[in-house]
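Participant:
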């Protein structure tokens with residue numbers, strides 16, 4: 072076995088140029104596959120993170136009647152609030168949470184109107200849970216105006232020709248279905264990767280929300296909760312649901328199934344891209360090995376003549392093919408890891424297609440990232456592809472008639 | 003005692019509508035310790051006969067018996083195993099493994115036989131010394147002359163301690179000096195160790211060294227002559 076491995080390894084280096092071409096294609100294939108994967112995965116993760124950070128958070132709790140019918144008076148009761156806050160304060164996975172008042176309404180200016188989701192927040196608490204304060208591209212985050220400030224998205228600002236300091240009339244129905252309308256001063260314009268979010272969500276202070284509906288106490292419709300690990304969100308949300316009455320905790324994948332679906336379908340389509348790249352490499356490897364087998368016909372014939380059995384000849388070709396493909400794999404993985412780590416830190420600026428990315432819900436600054444399992448997956452794929460690739464040349468070698476092969480020119 | 007016996011060997015090839023008898027009803031025996039040359043013009047069937055005797059090709063009819071074991075009809079795997087244990091081959095184009103050293107090339111067959119490393123090393127060194135290549139042991143074929151490579155091939159053929167050695171045109175690619183040197187070594191091994199050599203050649207230099215010359219023409223054995231020296 073040792074000698075077979077030795078022969079196979081040395082054979083790889085017999086034609087340095089040809090092996091070099093295969094190595095280069097394997098390195099480039101791995102790098103291209105992983106880098107494309109990292110860019111796509113990075114974009115998706117950024118989008119997911121953006122959505123989680125800007126509004127969704129990991130888990131949200133709503134009253135059950137609110138989930139069935141979004142109405143202003145379908146808010147949490149005082150006893151529910153007490154119960155939820157007890158549960159959240161005792162759950163070790165919960166990092167922080169924010170209470171929100173929510174109403175559907177419209178925003179109007181002289182230039183038009185837009186349907187809105189009006190979110191009432193306590194600025195300092197919301198700051199701990201979501202990243203809207205970090206996404207202010209113009210103006211400030213609830214620090215400048217004392218009287219009814221509002222944060223709006225850049226898409227809404229464009230649509231309604233709003234600037235910082237200008238006023239937008241926000242209206243919605245109170246619990247008795249009376250229209251309430253009030254002017255809010257634009258204090259900040261935020262920009263998230265999601266165009267639709269930026270168009271239809273505004274943030275106001277909970278106290279202004281409460282004052283508008285002339286209530287003594289705030290109407291709380293939503294708890295936005297961050298936990299210490301995104302992957303625990305299902306487990307934690309189920310636990311919270313089981314401990315509270317007439318309310319349901321949902322994780323981000325349930326609240327925004329399109330985000331989770333997009334994640335899964337993108338992972339599948341990226342895997343298909345990887346498979347195509349590895350498949351293409353397989354053809355290159357098969358071709359190289361077939362040439363090598365043809366060139367070494369006489370030598371293989373001699374081996375069969377002198378008594379090397381077919382099993383060993385087959386094994387030798389398989390090992391040689393594996394060496395040919397796998398010798399370059401560590402280099403490909405290393406280059407991929409290096410470039411992904413580097414660009415993962417400094418980012419790739421795609422400003423030239425920034426508008427298109429924004430419309431699709433992505434940031435124009437992309438930070439490639441990839442799960443470590445991708446490195447293992449591509450290595451396994453290459454091993455499997457090499458094994459498959461080795462079968463054709465190995466079978467061809469076995470078909471040689473030793474008496475003819477030893478006389479091959 | 004015969005080491006190789008052929009009985010009514012026939013090998014027919016079909017070329018379009020024509021049938022060609024490359025070997026036509028050949029029966030003869032080779033005794034242990036012979037230094038036999040099978041000669042004849044190109045296309046006379048000598049290489050086909052050698053291939054059949056070596057279990058590399060199967061006859062259309064007839065038998066090949068080696069040490070009382072009939073090899074015609076053996077499965078391909080059994081033939082490979084039989085060749086490994088019983089037959090040494092020397093080819094016209096040396097056919098050494100280019101990525102292995104002379105020592106590794108000689109040890110290769112013994113490795114296939116499952117011999118221990120100690121035994122392999124000892125025999126390899128003995129054989130390479132016998133063919134005058136003790137200083138070239140660690141050279142790869144590409145670093146050796148044609149004559150040296152063919153001597154390594156002879157050492158490799160002897161490594162498995164075969165019943166006999168089949169050499170197909172072993173001197174065809176060699177110059178006179180290398181041919182003389184190679185034939186000296188083979189003759190010495192035949193004389194001193196009783197190793198059986200069967201050559202297929204039309205090289206007069208080899209024929210001149212033979213103890214027995216079997217001549218073929220059109221697949222038929224036309225003469226079988228013992229040379230008395």
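Chains as they are written, first to last, in my numbering: chain B, 72 to 480; chain F, 3 to 231. Glycine is no exception: its CB is placed at the ideal position from the N, C-alpha and C atoms.
(1) Using a Cβ-Cβ distance cut-off of 9 Å, determine whether residue 372 of chain B contacts chain F.
(2) Is the beta carbon of residue 378 of chain B less than 9 Å from the beta carbon of residue 83 of chain F?
(3) Using 9 Å as the limit for Cβ to Cβ distance, is residue 363 of chain B near chain F?
(4) List, in order along the chain, the chain F residues whose C-beta lies closer than 9 Å to that of residue 477 of chain B?
(5) Looking at the C-beta of residue 115 of chain F, does it have a partner C-beta in chain B at a distance below 9 Å?
(6) DSSP three-state call for residue 232 of chain F: helix, strand or coil?
(7) In chain order, what are the residue ranges of uninterrupted beta strand (DSSP E) at least 3 long that sit wholly in the stretch 268-352 of chain B?
(8) From residue 186 of chain B to residue 290 of chain B, what does the alpha carbon distance come to, in whole angstroms?
(9) Please return the same chain residues whose Cβ sits closer than 8 Å to the Cβ of residue 477 of chain B, not counting the five positions on each side in sequence.
(10) Return the Cβ separation of residue 241 of chain B and residue 176 of chain B in integer angstroms, given the expectation that the two are a contact with Cβ distance under 8 Å.
(11) From B:245, B:244, B:228, pick the residue whose C-alpha is nearest to that of residue 237 of chain B; which is it?
(12) Out of curiosity, what's the CA-to-CA distance linking residue 186 of chain F and residue 208 of chain F?
(13) Could you pull out every unbroken alpha helix (DSSP H) segment of at least 4 residues lying fully inside the stretch 348-417 of chain B, listed in chain order?
(14) Name the residues in the stretch 76-105 of chain B whose C-beta lies less than 7 Å from a C-beta of chain F; which are they?
(15) What's the call for residue 84 of chain B, buried or exposed, on a 16-neighbour Cβ count within 10 Å?
(16) If you run the structure through DSSP and keep just helix, strand and coil, what is residue 130 of chain B?
(17) What residues from chain B crowd round residue 197 of chain F, counting only those whose CB sits closer than 7 Å?
(18) Does the Cβ-Cβ distance between residue 327 of chain B and residue 132 of chain B come in under 9 Å?
(19) Taking the beta carbon of residue 218 of chain B as the centre, do at least 16 other beta carbons fall within 10 Å, making it buried, or is it exposed?
(20) Anything in the stretch 46-57 of chain F with a Cβ closer than 7 Å to a Cβ of chain B? List those residues in chain order, please.
(21) Does chain B have any CB closer than 9 Å to the CB of residue 127 of chain F?
(22) List in chain order: all unbroken beta strand (DSSP E) runs of 3+ residues lying wholly within the stretch 66-108 of chain F.
(23) What is the DSSP secondary structure of residue 212 of chain F, reduced to helix, strand or coil?
(24) Any idea what DSSP makes of residue 163 of chain F, helix, strand or coil?
(25) Return helix, strand or coil for residue 220 of chain B, following the three-state DSSP convention.
(26) Along chain F, in chain order, which residues have C-beta atoms closer than 7 Å to that of residue 474 of chain B?
(27) Quick one: does residue 82 of chain F have its CB under 9 Å from some CB of chain B?
(28) Residue 379 of chain B versus chain F: which residues are under 7 Å apart at the beta carbon?
(29) By how many angstroms is the C-alpha of residue 365 of chain B removed from the C-alpha of residue 8 of chain F?
(30) Going by DSSP in three states, residue 27 of chain F sits in which element: helix, strand or coil?
(31) Using DSSP's beta-bridge definition, name the partner residues of residue 168 of chain F.
(32) Going by beta-carbon coordinates alone, are residue 101 of chain B and residue 406 of chain B separated by less than 9 Å?
(33) Whole angstroms is fine: what's the gap from residue 223 of chain B's alpha carbon to residue 440 of chain B's?
(34) Determine the direct distance from the alpha carbon of residue 403 of chain B to that of residue 99 of chain B, and round the result to whole angstroms.
(35) On the three-pair Cβ rule with 8 Å, is the stretch 150-163 of chain F touching the stretch 123-140 of chain F?
(36) Hey, is residue 470 of chain B's beta-carbon within less than 9 Å of any beta-carbon in chain F?
Facilitator: Looking at the atomic coordinates:
(1) yes
(2) yes
(3) no
(4) 58, 91, 93, 94, 95, 97, 170
(5) yes
(6) The structure shown does not extend to residue 232 of chain F, since chain F is modelled only from 3 to 231, so the question has no answer here.
(7) 272-276, 293-298, 318-322
(8) 21 Å
(9) 369, 372, 373, 376
(10) 6 Å
(11) B:228
(12) 10 Å
(13) 368-377, 381-397, 400-417
(14) 78, 81, 82, 85
(15) exposed
(16) strand
(17) Residues of chain B passing the Cβ test: none, with the nearest at roughly 16 Å.
(18) no
(19) exposed
(20) 53
(21) no
(22) 89-92
(23) coil
(24) coil
(25) strand
(26) 53, 58, 59
(27) yes
(28) 114
(29) 34 Å
(30) strand
(31) F:91, F:200
(32) yes
(33) 30 Å
(34) 7 Å
(35) yes
(36) no
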